[in-house]
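Following: one structure in C-alpha cells, then a few remarks.
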Amino acid sequence: MSNSGAGRLSQTRSRSLQAGLKNDLKSSKEAEKLSSEHSGFLYFTAGVHPHEAKHFTDETSAVLRTLLENPQCVAVGECGLDFNRNFSSREDQLSAFEKQVALACELQKPLFIHEREASVEMVEILEKYADQLPRAVIHCFTGTADEAKKDIDMGLYIGLTGFLWKDRSDKGVRYALENGIIPLERLLLETDAPYMYPKINDKKVPATVRETFTEKVIFWF
1 MSNSGAGRLS
11 QTRSRSLQAG
21 LKNDLKSSKE
31 AEKLSSEHSG
41 FLYFTAGVHP
51 HEAKHFTDET
61 SAVLRTLLEN
71 PQCVAVGECG
81 LDFNRNFSSR
91 EDQLSAFEKQ
101 VALACELQKP
111 LFIHEREASV
121 EMVEILEKYA
131 DQLPRAVIHC
141 FTGTADEAKK
151 DIDMGLYIGL
161 TGFLWKDRSD
171 KGVRYALENG
181 IIPLERLLLE
191 TDAPYMYPKI
201 NDKKVPATVR
211 ETFTEKVIFW
221 F
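Take the sequence shown: its position 164, counted from the start at 1, is 164 in the UniProt record's numbering, and no numbers get skipped.
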C-alpha cells in the first residue's frame with residue numbers, strides 16, 4: 001500500500017471511531033468504497049446488525065443484494081439476533097435476520113452471525129435453510145457448551161474473542177474449548193477490538209499460558 005493509501009485508510013479509521021462503528025447500510029457502503037480503493041488488499045462484509053433491524057425494509061434488501069454481488073464482498077453480516085439488549089424489537093430482528101439468511105443462501109455468500117441469548121431462535125431460522133446454507137460463523141461466541149455443540153453439529157464455525165477471559169460460567173466457552181467440544185478445525189480467532197481484548201493480567205490465567213506471553217504481548221495488553 002502506498003503512503004497516500006495508508007494515509008487515507010488511517011483517516012477513514014479515525015472518522016469511523018469518531019462517528020461510532022456500526023453495522024448498517026451506510027457503513028456497508030462506506031466499506032465497499034474503501035475496499036474498492038484498495039482492491040485485492042481490503043475486503044468487506046455487508047449486512048444489518050440486529051440493533052439496526054428496526055430500519056430494515058424492502059429497499060434495504062435491494063441495496064444489500066447489490067453490495068453482496070460485489071466480488072470484494074466476502075460475507076453477509078454482521079447480522080443475527082440480540083435478545084440481550086433488544087435495541088430493535090424481537091419481531092424486527094427475526095424478520096431482518098431471516099431475510100439476510102435467505103439472501104446469503106441465494107447468493108451463496110458466507111454468513112457472519114451475531115447471537116446473544118437467542119440461540120434457539122437463531123437455530124430455528126438456520127434450520128429452515130439447512131439444505132442450502134452457505135458457510136457461517138457465530139461471531140464472538142458467548143454461549144454455552146451445549147449451544148456450541150449444536151452450532152457445530154449444524155456445520156457452523158465458532159468465533160472466539162477475548163470473551164474467553166471474561167467467561168466465568170461452569171459450562172461456557174472455556175469449558176467447551178478445554179473439553180474439545182469446539183474442534184480446532186471449526187475455531188476462528190477474532191479480536192472484536194476494542195471491546196473483547198484478551199485480559200492477560202487476569203489472575204485465573206494458568207501459569208502455563210502466562211509463560212508463553214512475549215514482551216510485545218505484555219506491552220500491548
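Ideal placement from N, C-alpha and C gives every residue a C-beta, glycine not left out.
Asked                                                                                                          : Found
C-beta contact flag for Ala118 and Phe83 at 8 Å                                                                : yes
Ser35 vs Leu42 beta-carbon contact at 8 Å                                                                      : yes
Rounded Cβ spacing between Asp151 and Ile158 (contact assumed at less than 8 Å)                                : 6 Å
Range covered by the beta strand (DSSP E) that runs through Glu115                                             : 111-116
Sequence-distant residues of the same chain with beta carbon closer than 7 Å to Glu147, five excluded per side : Ser119
Inter-residue spacing [alpha-carbon to alpha-carbon] between Lys216 and Pro198                                 : 14 Å
Phe163 - DSSP class collapsed to helix/strand/coil                                                             : helix
Cβ pair Leu134, Gln108 closer than 8 Å                                                                         : One point to set straight first is that residue 134 is Pro, not Leu, in the sequence displayed. Yes, these two residues count as a Cβ contact at 8 Å.
Supposed close pair Val48, Ala102 - CB separation, criterion 8 Å                                               : Not really, about 13 Å apart at Cβ, beyond 8 Å.
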